[in-house]
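So the structure is just underneath, and the comments pick up after that.
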Amino acid sequence: MDNYGIATSKRGVNVKGASLHNLTFTTKYPMAKLDRTKTVSFQNINFTFLNDTPAPSVGGSNSTLVYSFDHGYDYVPSHWMMGSLTGGVNNYPYIENEVALLSSLFADSQATLVVKVGAAKVYLYVNKTNISGLGNPTVAGVALSLRLYVFVEDLLGS
Amino acid sequence: MDVGIKISQPFYDAQTAGDVNLLFSSSWPSLQIVKDITFTPTTTFGGGLYSYDIKTVTHSLGYQFSLCWETNSGLSLRSGDHISIGNGSVTWNNSTTSASPLPTLTVSVKVYNIDITKAVNYPFVRPPGYSAPYNPDFGIKVVKPNKTIKSIDMRDYILHSRCPSPAILSVVTGTTTASYTNPEGYVAWIFGFASTAGGDYKWAGIGAQTTPRLFVNKPTAGIFEIDGAVNDAVSLVILRDPLFAPNNVNVTY
Chain A
1 MDNYGIATSK
11 RGVNVKGASL
21 HNLTFTTKYP
31 MAKLDRTKTV
41 SFQNINFTFL
51 NDTPAPSVGG
61 SNSTLVYSFD
71 HGYDYVPSHW
81 MMGSLTGGVN
91 NYPYIENEVA
101 LLSSLFADSQ
111 ATLVVKVGAA
121 KVYLYVNKTN
131 ISGLGNPTVA
141 GVALSLRLYV
151 FVEDLLGS
Chain B
1 MDVGIKISQP
11 FYDAQTAGDV
21 NLLFSSSWPS
31 LQIVKDITFT
41 PTTTFGGGLY
51 SYDIKTVTHS
61 LGYQFSLCWE
71 TNSGLSLRSG
81 DHISIGNGSV
91 TWNNSTTSAS
101 PLPTLTVSVK
111 VYNIDITKAV
121 NYPFVRPPGY
131 SAPYNPDFGI
141 KVVKPNKTIK
151 SIDMRDYILH
161 SRCPSPAILS
171 VVTGTTTASY
181 TNPEGYVAWI
191 FGFASTAGGD
201 YKWAGIGAQT
211 TPRLFVNKPT
221 AGIFEIDGAV
231 NDAVSLVILR
241 DPLFAPNNVN
251 VTY
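Residue numbers (the numbering used here), protein chains in the order written: chain A, 1 to 158; chain B, 1 to 253.
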């Protein structure tokens, strides 16, 4: 099928026949869109844990929902999250891949922050493990700043 | 002289307006989705354990920056370290094993318009701290084939000035290691990948125990660094936020 629409190439590159790498824009492919009329599209979330989440059982793990919000779509949108920890036991400066290490005592006694997205809401969970029974990884006192995108595009690529 | 298409916000001259006062510019290296791939992985039982089968999907392009999400029971989780990037392909490998049957997943992969093996660098434009309200009477929209230009579903559009995208700042390539300095104190989105002996590019986790791994504020504040194994081909993909102000939220638990 012929390619219709608009294409702009990098300076010095002939737009005719330019490879994708040499195009700054083409209407052949949809943009990864963030709807500026929705406040959830691009958020800075400053999260403070004044309290700890429940401790997992010895030898086990648990998951506690700590925050959620409606994203305003009726499908599962794609999302990105990153951020930085500003307090707590582990002061990692950067989070990626929606799993942030909040606290740890040992390798299998950890608390992590996880972002999951459903067809109506975005959910933030604290997942804790205490596999070897070495103690509860507390999150009280942890502060973090999250940057979160909720894209227009759904995961099924419609 | 800049060439292409520019659309300014109301009351701004498109010829002289700064980037933050534009609704659209064809010079913005926007993030575009070149392919959407969705599949349901199969599982194999062997040695007393269930495991997910590795899946490779192909596209007709190069070493394209890709991300994946895994949906389980209606909830999606982005799982960058479960994919590796090849030349015209993406391979999904979730190494979870279980003595019980594994949950059924739906895996969604988005392949973007960035070739992680080709270095680029674009000027930094700091996202604004304040944005004017959206005005539907100004802008540009390009609808997807077979969709109506009157659609209210933003998914139906290739481009809509109501919905900007993250923009590419830089792709930094190197051997064994590469680094990027945050511009003007701005914390960019950054993704790292490394290829060993010409193989697929694997995800570099933040502070991972083994290579490839991504470090923040190393060696000094404001610098990102990827460390691969010796002689690995490494790549950093850096993006900036779109040019509208974020919504700030304070949450206390």
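Note that CB positions come from ideal geometry on N, CA and C, so glycine has one too.
- B:SER30 is not a Cβ neighbour of A:PHE69, given a cutoff of 8 angstroms.
- Within its own chain, the residues whose Cβ lies closer than 6 angstroms to the Cβ of B:TRP189, once the five positions on either side in sequence are excluded, are LEU239, listed in chain order.
- The three-state secondary structure of B:VAL187, taken from DSSP, is coil.
- CA-to-CA, the gap between B:ASN87 and B:THR210 works out to about 24 angstroms.
- What A:SER78 touches in chain B, judged by beta-carbon distance under 7 angstroms, is TRP69, LYS110, going in chain order.
- Per DSSP, the continuous beta strand (DSSP E) segment holding B:VAL237 begins and ends at 233-240.
- Assignment of beta strand (DSSP E) within the stretch 32-96 of chain B, counting only whole runs of 3 or more residues, yields 33-39, 43-46, 49-52, 55-58, 64-72, 75-78, 83-86, 89-92 in chain order.
- Residue burial is scored here from C-beta neighbours: B:ARG78 has at least 16 other C-beta atoms within 10 angstroms and is therefore classed as buried.
- For the 8 angstroms CB-CB criterion, A:LYS116 and B:LEU169 do not form a contact.
- Among the bridge pairs identified by DSSP, B:ASP137 is matched with none.
- The Cβ atoms of A:LEU144 and A:LEU85 lie closer than 8 angstroms to each other.
- In the three-state reduction of the DSSP assignment, B:ARG213 falls in the strand class.
- Sequence-distant Cβ neighbours of A:TYR4 in its own chain, meaning closer than 8 angstroms and more than five residues away, are THR27.
- Neighbours of A:ASN51 in chain B, taken as residues whose beta carbon is under 7 angstroms from its own, are TYR253 in chain order.
- For the stretch 9-21 of chain B, the beta-carbon criterion of a distance under 8 angstroms to any beta-carbon of chain A is satisfied by none of its residues.
- Nearest CB-CB separation between A:GLY17 and chain B: not below the 8 angstroms threshold.
- The Cβ atoms of B:GLY205 and B:ASP81 lie closer than 8 angstroms to each other.
- A straight-line Cα-Cα distance of about 13 angstroms links A:ALA7 and B:ASN113.
- One finds GLY118, ALA119 in chain A with Cβ atoms closer than 7 angstroms to the Cβ of B:GLY74, taken in chain order.
- With a threshold of 16 other beta carbon atoms within 10 Å, B:GLU70 meets it and is buried.
- Judged by their CB atoms, B:ASP53 and A:GLY157 are not nearer to each other than the 8 angstroms cut-off.
- In the same chain as B:THR117, and ignoring 5 residues on each side of it, the C-beta atoms closer than 6 angstroms to its own belong to TYR63, in chain order.
- Chain-ordered, the chain A residues with CB closer than 8 angstroms to the CB of B:LYS144 read PRO30.
- The contact set of B:VAL234 on chain A, defined by CB atoms closer than 8 angstroms, is empty, because the minimum CB distance reaches about 16 angstroms.
- For the options B:SER89, B:VAL249, B:VAL125, the alpha carbon positioned closest to that of B:LEU61 is the one of B:SER89.
- In this structure, the straight-line span from the alpha carbon of B:THR96 to that of B:PHE193 is close to 21 angstroms.
- By the C-beta criterion, the stretch 130-140 of chain A is judged to be in contact with the stretch 45-57 of chain A, since at least 3 inter-stretch pairs fall below 8 angstroms.
- Neighbours of A:THR27 across chain B, judged by C-beta separation under 7 angstroms: VAL142, ILE158, LEU159.
- Put simply, the CB of A:HIS71 is far from chain B, with every gap to its CB atoms at 8 angstroms or more.
- Excluding the 5 residues flanking it on each side, B:LEU49 has same chain C-beta neighbours closer than 8 angstroms at THR97, SER98, ALA99, in chain order.
- Around the beta carbon of B:LYS150, a 10 Å sphere encloses fewer than 16 other beta carbons of the protein chains shown; the residue is thus reported as exposed.
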